[in-house]
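A.B. asks:
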Ligand code: AMP
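Here it is as structure tokens:
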């Protein structure tokens, strides 16, 4: 069996790997590391969960070990589609580079420019970035890319989905022609093949199996129920299952909020994560979940993309994902690297074709099970029931929380792969909990203006997005190429996250924050100015009122996922 020592890594690096507890390289590590160390370009077909991050991080640390970075001229660049993935890669460099003296900077949107500027000024060996913020920094003349020796493009197909390809092409043009390029993608649609051909020079192609095949350890189940019974079904399942910690996936961010609030209201330890939350809340929620201080993370696909949560016992699909690839990504959150896990999907009678597509992709039928009596629960009185009932519910909620506190660390060694065991970390929990629990999750846009200064809410369409009138044509979108419009002349306060100025900037920032399928509210053409007629709130008469039990906290009707999908 190949060991890390066989791959040609330095002793310092082997020591760092040993400290993590990993004994055997994963297939992508085994195949990629020797080639990367030899300076070859690599085309890696691999998803998250395969160990690909260490596959490029480890050899890069050795490659960059000799040499020094000059101010504003990073020596390597890693492009990631989302801020969370970028932060994860940054953590990997910290973990594996602890016996080296490499410097790194994380250049992502949604956080202050000030610290990023300082790091870039000092010079960094490793620059990890999302495309939008990287271009911002370049245009602010904070950065030159002429010394980049190693380029990593990670999750290329995801970048394509999120509309980042033009930005990436632009970035690559700014890099030296002679460089080493490592290109990773889970799938190879034609557009990605075109990019790979364009960016890579005589690459070694490495393909490792999808986590879906690794997921023989994942027990997959599915139940078909009425859309209006989903929340009750979810609660029952969480109570009935031995849930150590779980991710509940919803197709829409709006439902992420609804389900998160509903679970909390019923006494579960749950918090939402999606693109509308400000970056601090997203980061803290994730940290809390990772540290074992939060039992249930309710997430959208984009927010959870590639999340590396070492031990998730359950994945609940509150909705059947519309793209079958997303199903594979979702269930890949559990059963990672040889561990066992359970995935339970709540389907409605209308989801048949999506379920078929998933089963076709994974090549495996999902086991069906029945849930009885859900409609009875709909008839149960809830509002106004006696104080005794409420006390009983509160007691049950407390018991559930205590059960979670006592839950043992799961066994994490299977198939000869040693993994970090799940150990709640009190310090990390306290720090993250302060943000998640004390500060209500506010949409990012609100952060930038004091509440009083915000214009009244505009009428919304049925997706909850601001409605732009047809008659009042919006001014045409910014069409000038970015290069003709240098943005570094704009005044910017460095101690604040800068608001993107051009239409393209705004679109890009939204993409980075929400992803293509998860686009946040968009107002085209009005900017901060809101014509008075738009401020008239139109009642949403076409939607039936939310069920009483959840109206107190619910911002939207309960069958919204169905209504929206329709
Ligand atoms: P990635 O695909 O890079 O997101 O990695 C998935 C998970 O596998 C992460 O939790 C890594 O820490 C873990 N991992 C990476 N390499 C190994 C290894 N050689 N043995 C066991 N676990 C690993």
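Numbering (the numbering used here), first residue to last: 112 to 677. No residue lacks a Cβ here, since even glycine has one placed at the ideal position from N, Cα and C.
Per DSSP, which residues does residue 373 bridge with? Please list them.
C.D. replies: Here residue 373 is taken as the residue at index 262 of the chain shown, counted from 1. Partner(s): none; residue 373 has no beta bridge.
A.B. asks: Taking the alpha-carbon positions, what's the residue 337 to residue 392 distance?
C.D. replies: Along the chain shown, one-based indexing puts residue 337 at 226. Along the chain shown, one-based indexing puts residue 392 at 281. Cα to Cα, the separation comes out at about 33 Å.
A.B. asks: Can you find the residues in the same chain that come closer than 6 Å, C-beta to C-beta, to residue 121, ignoring five residues on each side of it along the sequence?
C.D. replies: Mapped onto the chain shown, residue 121 falls at position 10. If we look at residue 121 and ignore the five residues flanking it on each side, its Cβ neighbours are 173.
A.B. asks: What is the rounded straight-line gap between the Cα of residue 263 and the Cα of residue 388?
C.D. replies: By one-based count along the chain shown, residue 263 stands at place 152. By one-based count along the chain shown, residue 388 stands at place 277. Between residue 263 and residue 388, the C-alpha separation is close to 28 Å.
A.B. asks: Would you say the beta carbon of residue 207 comes nearer than 7 Å to a heavy atom of ligand 1?
C.D. replies: On the chain shown, position 96 is the one that residue 207 refers to. No; taking the cut-off as 7 Å, the Cβ of residue 207 has no heavy atom of ligand 1 nearer than that.
A.B. asks: Mind listing, in chain order, the continuous alpha helix (DSSP H) runs of no fewer than 4 residues lying wholly within the segment 424 to 489?
C.D. replies: Segments of the alpha helix (DSSP H) lying fully in the segment 424 to 489: 435 to 442 and 463 to 473.
A.B. asks: For residue 294, which of helix, strand or coil comes out of DSSP?
C.D. replies: Taking the chain shown and counting its residues from 1, the one referred to as residue 294 is at position 183. Residue 294: strand per DSSP, three-state reduction.
A.B. asks: Counting beta carbon pairs with one atom in the segment 433 to 446 and one in the segment 455 to 473, are three or more of them shorter than 8 Å?
C.D. replies: Yes: the two stretches touch, three or more of their Cβ pairs being nearer than 8 Å.
A.B. asks: Excluding the 5 residues flanking residue 125 on each side, which residues of the same chain have their C-beta closer than 7 Å to its C-beta?
C.D. replies: The residue labelled residue 125 in the question sits at position 14 within the chain shown. Here the set comprises 115 and 116.
A.B. asks: Between the alpha carbons of residue 119 and residue 139, how many angstroms are there, rounded?
C.D. replies: If you number the chain shown from 1, residue 119 lands on position 8. If you number the chain shown from 1, residue 139 lands on position 28. Approximately 15 Å between the Cα atoms of the pair.
A.B. asks: Below 7 Å CB to CB, which residues in the same chain sit around residue 527 once its five sequence neighbours on both sides are set aside?
C.D. replies: Along the chain shown, one-based indexing puts residue 527 at 416. Low local confidence applies: a pLDDT of 23 at residue 527 is under 50, so the model's placement there is unreliable, with the coordinate-based value given in what follows. 135.
A.B. asks: With a 10 Å radius around its C-beta and 16 neighbouring C-beta atoms as the bar for buried, classify residue 178 as buried or exposed.
C.D. replies: Here residue 178 refers to the residue found at position 67 when the chain shown is read from its first residue. The residue in question, residue 178, is exposed, as its Cβ has fewer than 16 Cβ neighbours within 10 Å.
A.B. asks: Using alpha carbons as the reference points, say which of 244, 233 and 232 lies closest to residue 189.
C.D. replies: Counting from 1 along the chain shown, the entry for residue 189 is found at position 78. Of 244, 233 and 232, the residue nearest in Cα terms is 244.
A.B. asks: Three Cβ pairs or more, each shorter than 8 Å: is that satisfied between the segment 206 to 218 and the segment 287 to 297?
C.D. replies: No, the segment 206 to 218 is not in contact with the segment 287 to 297.
A.B. asks: Check whether the Cβ atoms of residue 467 and residue 431 sit closer than 8 Å, and answer yes or no.
C.D. replies: Along the chain shown, read from residue 1 onward, the residue named residue 467 stands at position 356. Along the chain shown, read from residue 1 onward, the residue named residue 431 stands at position 320. No, Cβ-Cβ distance for residue 467 and residue 431 is not below 8 Å.
A.B. asks: Please list, in chain order, all residues of the same chain as residue 348 whose beta carbon is under 7 Å from its beta carbon, the five residues on each side excluded.
C.D. replies: As a first step, residue 348 is located in the chain shown; it is residue number 237 there, counting from the start. Only 427 and 455 meet the Cβ criterion.
A.B. asks: For residue 354, which of helix, strand or coil comes out of DSSP?
C.D. replies: For the purposes of this step, residue 354 is identified with residue 243 of the chain shown, where counting begins at 1. Three-state DSSP puts residue 354 in coil, outside helix and strand.
A.B. asks: Assuming residue 172 is part of the alpha helix (DSSP H), what are its boundary residues?
C.D. replies: As a working mapping, residue 172 is identified with position 61 in the chain shown. 163 to 175 is the extent of the alpha helix (DSSP H) around residue 172.
A.B. asks: For residue 343, which three-state DSSP category applies?
C.D. replies: Against the chain shown, residue 343 aligns to sequence position 232. Note: residue 343 maps to helix in three-state DSSP.
A.B. asks: Give me, in chain order, the residues of the same chain whose beta-carbon lies closer than 6 Å to that of residue 529; leave out the 5 immediate sequence neighbours on both sides.
C.D. replies: Counted from its first residue, the chain shown places residue 529 at position 418. Its pLDDT being 23, under 50, residue 529 is placed unreliably in this model, and the value from its coordinates should be taken loosely. Taken in chain order, the residues that qualify are 132 and 134.
A.B. asks: Could you tell me if the beta carbon of residue 443 falls within a distance shorter than 7 Å of some heavy atom in ligand 2?
C.D. replies: For the structure depicted, ligand 2 is absent and the ligand set comprises only ligand 1.
A.B. asks: From the DSSP secondary-structure annotation, give me the bridge partner or partners of residue 190.
C.D. replies: In the chain shown, counting from the first residue as 1, residue 190 sits at position 79. The partner list for residue 190 (beta bridge, DSSP) reads 240 and 264.
A.B. asks: So what's residue 273 in DSSP terms, helix, strand or just coil?
C.D. replies: In the chain shown, the residue the question calls residue 273 occupies position 162. Residue 273: coil per DSSP, three-state reduction.
A.B. asks: On the DSSP bridge assignment, give the partners of residue 383 in chain order.
C.D. replies: Here residue 383 corresponds to residue number 272 of the chain shown, with the count starting at 1. According to DSSP, which records beta bridges pairwise, residue 383 is partnered with 409.
A.B. asks: Tell me whether residue 362 is buried or exposed, calling it buried when 16 or more other Cβ atoms sit within 10 Å of its Cβ.
C.D. replies: One-based indexing of the chain shown puts residue 362 at position 251. So residue 362 ends up on the buried side.
A.B. asks: In whole angstroms, what is the alpha-carbon distance linking residue 483 and residue 359?
C.D. replies: Your numbering for residue 483 matches position 372 in the chain shown. Your numbering for residue 359 matches position 248 in the chain shown. Taking the straight line joining both Cα atoms gives about 21 Å.
A.B. asks: How would you label residue 365, buried or exposed, when you count the other beta carbons within 10 angstroms and need 16 or more for buried?
C.D. replies: Your numbering for residue 365 matches position 254 in the chain shown. The residue is buried, with at least 16 neighbouring Cβ atoms inside 10 Å.
A.B. asks: For residue 381, is the beta carbon positioned less than 7 Å from some heavy atom of ligand 1?
C.D. replies: Counted from its first residue, the chain shown places residue 381 at position 270. No - ligand 1 has no heavy atom lying nearer than 7 Å to the Cβ of residue 381.
A.B. asks: Is residue 181 helix, strand or coil by DSSP?
C.D. replies: Counting from 1 along the chain shown, the entry for residue 181 is found at position 70. Residue 181: strand per DSSP, three-state reduction.
A.B. asks: Please name the residue, chosen from 278, 155 and 407, that lies closest to residue 346 on a Cα-to-Cα basis.
C.D. replies: Taking the first residue of the chain shown as position 1, residue 346 is located at position 235. Of the listed residues, the one whose Cα sits closest to residue 346 is 407.
A.B. asks: Can you tell me whether residue 235 is helix, strand or coil according to DSSP?
C.D. replies: As a position in the chain shown, residue 235 is number 124, starting the count at 1. Three-state result, residue 235: coil.
A.B. asks: Report the option in 400, 356, 397 and 480 whose CA atom is closest to the CA atom of residue 452.
C.D. replies: Position 341 of the chain shown holds residue 452. Of the listed residues, the one whose Cα sits closest to residue 452 is 356.
A.B. asks: Let me check you understand the geometry: is the CB of residue 297 closer than 7 Å to at least one non-hydrogen atom of ligand 1?
C.D. replies: Here residue 297 refers to the residue found at position 186 when the chain shown is read from its first residue. Checking the Cβ of residue 297 against ligand 1 gives no.
A.B. asks: Return helix, strand or coil for residue 225, following the three-state DSSP convention.
C.D. replies: Position 114 of the chain shown, counted from the start, is the residue given in the question as residue 225. Residue 225 falls in the helix class under three-state DSSP.
A.B. asks: Looking at residue 410: is its Cβ nearer than 8 Å to the Cβ of residue 384?
C.D. replies: Within the chain shown, residue 410 is the residue found at index 299, counting from 1. Within the chain shown, residue 384 is the residue found at index 273, counting from 1. Yes, Cβ-Cβ distance for residue 410 and residue 384 is below 8 Å.
A.B. asks: Can you tell me the Cβ-Cβ gap for residue 191 and residue 266, rounded? I've got them flagged as a contact below 8 Å.
C.D. replies: Mapped onto the chain shown, residue 191 falls at position 80. Mapped onto the chain shown, residue 266 falls at position 155. 7 Å between Cβ atoms; contact.
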